[in-house]
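In terms of the UniProt record's numbering, the sequence shown opens at residue 1 and continues consecutively. Backbone N, C-alpha and C fix where the C-beta goes; we use that ideal spot for every residue, glycine too. Since the structure comes first, as structure tokens, the remarks are kept for the end.
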Amino acid sequence: MNILIQGGRVIDPTQQWDEVADLYIQNGAITALGQAPDGFAADEVIDAVGQVVCPGLIDLCTNLREPGYTQKGTIASETAAAAAGGITTLVVTPDTQPIVETAAVAELIQDRAADLGFARVLPMGALTRGLEGEQLAPLHGLASSGCIAFTNMRNAIASSQTLMRCLEYAATHDLLVVFQAQDNALAANGCMHDDTTSTRLGLNGIPEAAETIEVSRCLLLVEQTGVRAHFGQLSCERSVRMIEAARERGLDVTADVAIQHLLLTDESVNGFNAAYHLQPPLRSQLDRAGLRQGLVTGTIAAICSDHQPHDPIAKQAPFAATEPGMTGLETLLPLSLSLVEQQLLELPQLIETLTAAPARILGIDAGTLAIGSQADICIFDPQAEWVVSEESLRSAGKNTPFLGQTLKGRVNATLMDGRIVFRR
1 MNILIQGGRV IDPTQQWDEV ADLYIQNGAI TALGQAPDGF AADEVIDAVG QVVCPGLIDL
61 CTNLREPGYT QKGTIASETA AAAAGGITTL VVTPDTQPIV ETAAVAELIQ DRAADLGFAR
121 VLPMGALTRG LEGEQLAPLH GLASSGCIAF TNMRNAIASS QTLMRCLEYA ATHDLLVVFQ
181 AQDNALAANG CMHDDTTSTR LGLNGIPEAA ETIEVSRCLL LVEQTGVRAH FGQLSCERSV
241 RMIEAARERG LDVTADVAIQ HLLLTDESVN GFNAAYHLQP PLRSQLDRAG LRQGLVTGTI
301 AAICSDHQPH DPIAKQAPFA ATEPGMTGLE TLLPLSLSLV EQQLLELPQL IETLTAAPAR
361 ILGIDAGTLA IGSQADICIF DPQAEWVVSE ESLRSAGKNT PFLGQTLKGR VNATLMDGRI
421 VFRR
């Protein structure tokens with residue numbers, strides 16, 4: 001199908017493009033900007049006047065819940081939500097049931113997503129069998145089955161020797177390892193940041209050392225093994241400083257942050273609202289300032305949604321007994337745009353953290369509008385306002401602290417491989 005996207009502000013940080021121009025798409029690829037290719041006849045014209053046309057977003061941490069937890073969400077519901085949020089590529093966590101530790105599960109997830117055709121799904125494989133931190137999972141076989149990276153999620157590997165063996169194996173095969181750093185003995189049964197708010201509410205706290213000690217250990221072992229490493233969803237200012245120091249020493253490490261940690265703090269938890277029960281927990285104002293500083297300096301390269309849909313019952317209990325996490329695919333872009341409103345980043349810089357930077361971290365050919373590249377495109381109105389409600393969210397999970405709030409910035413169309421997968 002030949003598609004003409006007319007009159008939009010085309011922003012592509014990889015090409016240093018930021019101009020109002022027409023974009024031409026043929027056979028699923030971008031063929032021209034500004035001037036129509038010879039003999040081009042549009043089958044479909046998308047009017048993008050007053051809107052931004054950018055590469056489709058790439059989300060580095062999403063939980064699709066299928067297979068195993070379909071009462072919380074399915075590949076169908078969550079990839080449809082991703083398309084509505086302008087996201088064309090999803091990196092998904094391995095904590096399904098069964099866990100992504102066999103080629104069969106990795107292929108099932110990818111096949112189901114491909115059949116639905118809303119978004120490209122790249123599974124992460126388990127770093128150890130059963131995510132139990134004892135035996136190495138079959139990494140090479142999982143990589144051959146399409147796993148883009150490997151993680152043990154928040155189940156820290158207790159034995160440093162086991163972790164080192166895992167990293168050595170990954171380094172040998174040039175596999176990306178993703179750390180979601182948390183020392184479980186220190187986190188124990190905590191449910192929010194350990195500070196004055198947790199004391200006042202009488203809730204068990206998770207000290208920032210639960211993250212920083214594990215970041216420090218992982219960095220030392222990354223240096224020892226030379227593995228390609230990425231730190232996902234950092235929450236502490238100290239963690240950012242350690243990553244920055246490691247990068248200055250020449251270590252090949254990258255980091256991302258979930259958008260909610262750039263906007264909210266532990267003070268938001270006031271009132272025991274379980275929508276604010278997140279993992280990692282919302283931290284202090286100092287930590288939030290440190291994360292924002294890391295984003296501005298480039299120590300933190302990407303922003304993700306850390307999307308975790310839940311069924312209503314998972315959040316209907318006393319705060320500490322609820323399940324942590326929030327739904328975030330459809331709010332990722334509008335919440336991120338608030339950083340532009342607050343003049344923390346310029347719009348092209350923000351788009352880079354959601355497109356080109358995640359693609360670089362993963363080592364994939366995406367996040368660009370370069371001529372000849374696959375036509376994964378997000379078209380959004382940065383000024384349009386909408387109310388976050390259970391009706392407006394396509395995700396099966398309605399668990400977000402932003403419910404009832406008016407957000408600015410709304411996706412009007414999403415294209416994947418030159419097909420329109422979402423249109424408002």
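| request: Tell me, to the nearest whole angstrom, how far the beta carbon of L339 is from that of L350; I am working on the premise that it is less than 8 Å. | output: For the purposes of this step, residue 339 is taken as residue 339 along the sequence shown, with counting starting at 1. For the purposes of this step, residue 350 is taken as residue 350 along the sequence shown, with counting starting at 1. 6 Å between Cβ atoms; contact.
| request: Kindly indicate the opening and closing residues of the beta strand (DSSP E) around Q383. | output: Position 383 of the sequence shown, counted from the start, is the residue given in the question as residue 383. Run containing Q383: 377-387, per the beta strand (DSSP E) assignment.
| field | Identity of the residue in I371, G56, M326, T265 nearest T196 by Cα | value | Stepping through the sequence shown from its first residue, residue 196 is reached at position 196. Of the candidates I371, G56, M326, T265, the one whose C-alpha sits nearest the C-alpha of T196 is T265.
| query | In this structure, what does DSSP give as the bridge partners for M326? | reply | If you number the sequence shown from 1, residue 326 lands on position 326. Paired residue(s): H307.
| request: Could you have a look at R228 and say whether DSSP puts it in helix, strand or coil? | output: One-based indexing of the sequence shown puts residue 228 at position 228. Correct three-state label for R228: strand.
| Residue from Q233, H277, R241, T14 whose Cα sits closest to the Cα of D256 | Within the sequence shown, residue 256 is the residue found at index 256, counting from 1. Ranking Q233, H277, R241, T14 by Cα distance to D256 puts Q233 first.
| Reference E101, options P348, M124, T406, N2, closest by Cα | Residue numbering aside, residue 101 sits at position 101 when the sequence shown is read from its first letter. With distances taken between Cα atoms, E101 lies closest to M124.
| request: State the start and end residues of the unbroken alpha helix (DSSP H) segment that holds R9. | output: The sequence position of residue 9 within the sequence shown is 9, counting from 1. Run containing R9: none in the alpha helix (DSSP H); it sits in the beta strand (DSSP E), 3-12.
| query | So P358 and A302 are in contact, right, with Cβ under 8 Å, and what is the actual spacing, rounded? | reply | As a position in the sequence shown, residue 358 is number 358, starting the count at 1. As a position in the sequence shown, residue 302 is number 302, starting the count at 1. That belief holds up - the Cβ atoms of P358 and A302 are roughly 5 Å apart, short of 8 Å.
| field | Per DSSP, the bridge partner or partners of R120 | value | Taking the sequence shown and counting its residues from 1, one reaches residue 120 at position 120. R120 is bridged to T89.
| task | With a threshold of 16 other CB atoms inside 10 Å of the CB of G294, please say whether the residue is buried or exposed. | result | Along the sequence shown, one-based indexing puts residue 294 at 294. Buried.
| query | Just the Cα atoms here: how many angstroms apart are F380 and L278? | reply | The residue given as residue 380 occupies position 380 in the sequence shown. The residue given as residue 278 occupies position 278 in the sequence shown. About 28 Å.
| field | Counted within 10 angstroms of its Cβ, other Cβ atoms place H230 as buried (16 or more) or exposed | value | Along the sequence shown, read from residue 1 onward, the residue named residue 230 stands at position 230. Buried, since its Cβ has 16 or more Cβ neighbours within 10 Å.
| request: Look up Y24 in the DSSP assignment and give the residues it is bridged to. | output: Position 24 of the sequence shown, counted from the start, is the residue given in the question as residue 24. Answer is L4, A32.
| task | Spell out the partners DSSP gives P55 in its beta bridges. | result | As a first step, residue 55 is located in the sequence shown; it is residue number 55 there, counting from the start. I377, per the DSSP bridge assignment.
| field | DSSP beta-bridge partners of V253 | value | The count along the sequence shown starts at 1 and reaches residue 253 at position 253. Per DSSP, A229.
| query | Is it true that the CB of D22 sits closer than 8 Å to the CB of G39? | reply | Start at 1 with the first residue of the sequence shown, and residue 39 comes out as number 39. Start at 1 with the first residue of the sequence shown, and residue 22 comes out as number 22. For G39 and D22, no; Cβs fall outside 8 Å.
| query | Roughly how many angstroms lie between the CA atoms of Q35 and D18, to the nearest whole one? | reply | Counted from its first residue, the sequence shown places residue 35 at position 35. Counted from its first residue, the sequence shown places residue 18 at position 18. Computed Cα separation, rounded: 16 Å.
| query | Grouping DSSP H, G and I as helix and E and B as strand, with all else coil, what is V177? | reply | To locate residue 177, count along the sequence shown from 1; it is residue 177. Note: V177 maps to strand in three-state DSSP.
| request: Mind reading off the beta-carbon distance from I58 to I5? Whole number of angstroms is fine, and I expect it under 8 Å. | output: The residue given as residue 58 occupies position 58 in the sequence shown. The residue given as residue 5 occupies position 5 in the sequence shown. So it is not a contact: roughly 20 Å between Cβ atoms.
| If you measure from the CB of S268, is any heavy atom of the ligand COA nearer than 7 Å? | Of the ligands one can find in the structure shown there are none, so the ligand COA has no counterpart to examine.
| request: Could you tell me the boundaries of the beta strand (DSSP E) in which A413 lies? | output: Reading the sequence shown from its first residue, position 413 is the one you call residue 413. 406-416 is the span of the beta strand (DSSP E), which, as asked, contains A413.
| said: Which of the three DSSP states is assigned to C147 in this structure? | reply: The residue you call residue 147 lines up with position 147 of the sequence shown. Looking at C147 - three-state DSSP - the assignment turns out to be coil, as it is neither helix nor strand.
| Who does H193 pair with in a DSSP beta bridge? | Residue 193 sits at position 193 when you count from the first residue of the sequence shown. H193 is bridged to I206.
| Who pairs with T331 in a beta bridge, going by DSSP? | Position 331 of the sequence shown holds residue 331. Partner(s): none; T331 has no beta bridge.
| request: On the DSSP bridge assignment, give the partners of A126 in chain order. | output: Numbered from its first residue, the sequence shown carries residue 126 at position 126. BP columns for A126 point to T151.
| query | What is the DSSP secondary structure of V296, counted as helix, strand or coil? | reply | Taking the first residue of the sequence shown as position 1, residue 296 is located at position 296. Residue state, collapsed to three classes: helix.
| How many angstroms separate the CA atom of L163 from the CA atom of E214? | Residue numbering aside, residue 163 sits at position 163 when the sequence shown is read from its first letter. Residue numbering aside, residue 214 sits at position 214 when the sequence shown is read from its first letter. For L163 and E214, the distance between alpha carbons rounds to 12 Å.
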